[in-house]
Structure formats: C-alpha cells, structure tokens
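If you're matching positions, the sequence shown starts at 0 in numbering that gives the first Met the number 0 and goes up one per residue.
Here is the structure we will look at.
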Amino acid sequence: MKTTRTRMLDAAVEAIRRDGVDGMSFTDVLEASGAARGAIYHHFPGGKSQLVCEAVEGYARDIEGHLAALEGETPAEVVAAFFSTVRPLVADSAAGRGCALAAGTLAASHAEGLAPVLRDAFARWTDTLAARLGRAGAGDGARGAAVTLLALLEGAHILCRAAADMAPFDSLVTSAGGIAASIAPPELADAPRRT
Numbered sequence: 000m001k002t003t004r005t006r007m008l009d010a011a012v013e014a015i016r017r018d019g020v021d022g023m024s025f026t027d028v029l030e031a032s033g034a035a036r037g038a039i040y041h042h043f044p045g046g047k048s049q050l051v052c053e054a055v056e057g058y059a060r061d062i063e064g065h066l067a068a069l070e071g072e073t074p075a076e077v078v079a080a081f082f083s084t085v086r087p088l089v090a091d092s093a094a095g096r097g098c099a100l101a102a103g104t105l106a107a108s109h110a111e112g113l114a115p116v117l118r119d120a121f122a123r124w125t126d127t128l129a130a131r132l133g134r135a136g137a138g139d140g141a142r143g144a145a146v147t148l149l150a151l152l153e154g155a156h157i158l159c160r161a162a163a164d165m166a167p168f169d170s171l172v173t174s175a176g177g178i179a180a181s182i183a184p185p186e187l188a189d190a191p192r193r194t
C-alpha cells in the first residue's frame, strides 16, 4: 500500500503532465491523493518547489529504469524497443498528458531548484540509453544516437499533444530507421537482414 507521501508525489506527476508546473495546484494534489491539507507542509516543508522537484525526479527515475531495461541484442533491436516502450507515453501526450520533464523545462526558469533536477535527469537518460546501445554493440555513435532518440521523443510529445493524434509519432518512427544503421558496427551493418 502506498504511503500518503508517495500518493502525493504520484498525484503531482499527473497534475504536472496534465496542466504543467504552473497549472498544478495543491488542491488537485490533495484531492487526487486523498491527503489532508496539512499533509503538504508536513511531507514537503519546502512547499510547491520541493513537491515539484521530487515529483519530476521520481518520474525521471521511472523512465530511466525503462531505458535501462530495453530489450534487444543489436542496436536496431534496441532502437525498435525504445520506440515501442515510449509509444504509450506519447499516446498519453496525444490524450493531453505530456512528459513531466518537458513540462518542468518550461517552468524551470522560475521554479526554484528545478533546473538542476531536469539537467541531471536528462543527462541520466542520455547516459542510460547510450550505455544500453553500447551493450548491444553500438559503435562510437551510441551517445549521439541516444541524444537524437531523446530529442525525437520530446518533440513527439509536443507534436502529438498539439495534434491530439499519434500520426506525428508514427511518421517519426518511420523516418528514424537510419539511426540504428548509423551506429551499428561494420559487421552488423553488412550482415544480411533477417526476414
């Protein structure tokens, strides 16, 4: 069973994904978590800034775990697993619930303590995805491919939310086929494709 604090963090993530940092209210968090009004400052004495930073950090760690667990034995399989794994998140964006990190980035200039949380989270996502591609045999381009994949993901969140449709993501996945080929070691790139 989740603690009151955990329920409040989960509710904050959902509010940030739906309404952004500026649109997130304590009232929404309390109603969604079932917490009493006094719970905010009991669990988060730093107020909204602390709640937002911890919520975004938790969301980032969750996604980082999914990136570390991507399946695949070759770079192409890991790239395919990446797109398959993030598809439900982008579908959430098309339905009106975006990426908590993207929402946080828009508010980082005036949300105390949020900028370093975001910087560290995106750096960890990049490192984790690059390492996963490296374990699958990616060459020196693994880090650049990780940055590209994450940039495509964040762009897809915005495009799909604006369109309220998954078509931009599907187009992106089709166009991104060259990423895996660009980082595959020569022996994999020259190998015949499986049918």
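All C-beta atoms in this analysis are idealised placements derived from N, C-alpha and C, irrespective of residue type, glycine included.
Source: prediction; values computed, not measured.
Spatial distance of Val-85 from His-156 (CA atoms) = 10 Å
request  = Return helix, strand or coil for Phe-25, following the three-state DSSP convention.
outcome  = helix
key: Three-state secondary structure (DSSP) of Ser-170   = helix
key: Terminal residues of the alpha helix (DSSP H) in which Phe-81 lies   = 74-93
ask   = So Lys-47 is in the alpha helix (DSSP H); what residue range does that whole segment cover?
value = 46-67
query = In whole angstroms, what is the alpha-carbon distance linking Asp-21 and Arg-118?
reply = 19 Å
inquiry  = Output needed for Pro-167: all residues of its chain with C-beta closer than 7 Å, excluding positions within five of it in sequence on either side, in chain order.
reply    = Ala-155, Leu-158 and Cys-159
inquiry  = Is it buried or exposed, Tyr-58, if we count other Cβ atoms within 10 angstroms and call 16 or more buried?
reply    = buried
request  = Apply the 10 Å Cβ neighbour rule to Arg-60 and answer buried if 16 or more other Cβ atoms are within range, or exposed otherwise.
outcome  = exposed
task = Answer yes or no: do Ala-200 and Pro-74 have a C-beta to C-beta separation smaller than 8 Å?
result = With the chain covering only 0 through 194, there is no way to say anything about residue 200.
key: DSSP-derived helix/strand/coil call for Gly-177   = helix
query = What does a CB cutoff of less than 6 Å around Arg-10 pick up in its chain, not counting 5 residues either side in sequence?
reply = Checking the sequence shown, residue 10 turns out to be Ala, not Arg. The answer, listed in chain order, is Val-28, Ala-31 and Ser-32.
task = Identify the continuous alpha helix (DSSP H) that holds Thr-2 and give its terminal residues.
result = Per DSSP, Thr-2 belongs to no alpha helix (DSSP H) and is neither H nor E.
query = Can at least three beta-carbon pairs, one atom from the segment 33-41 and one from the segment 120-128, be found at a separation below 8 Å?
reply = no
ask   = Which word fits Thr-194, buried or exposed, when buried means at least 16 other C-beta atoms lie within 10 angstroms of its C-beta?
value = Bear in mind that a pLDDT of 43 at Thr-194, under 50, signals an unreliable position, so the model cannot answer this.
ask   = Counting only runs that start and end within the segment 102-162, where is the alpha helix (DSSP H) found for 4 or more residues in a row?
value = 113-134 and 141-162
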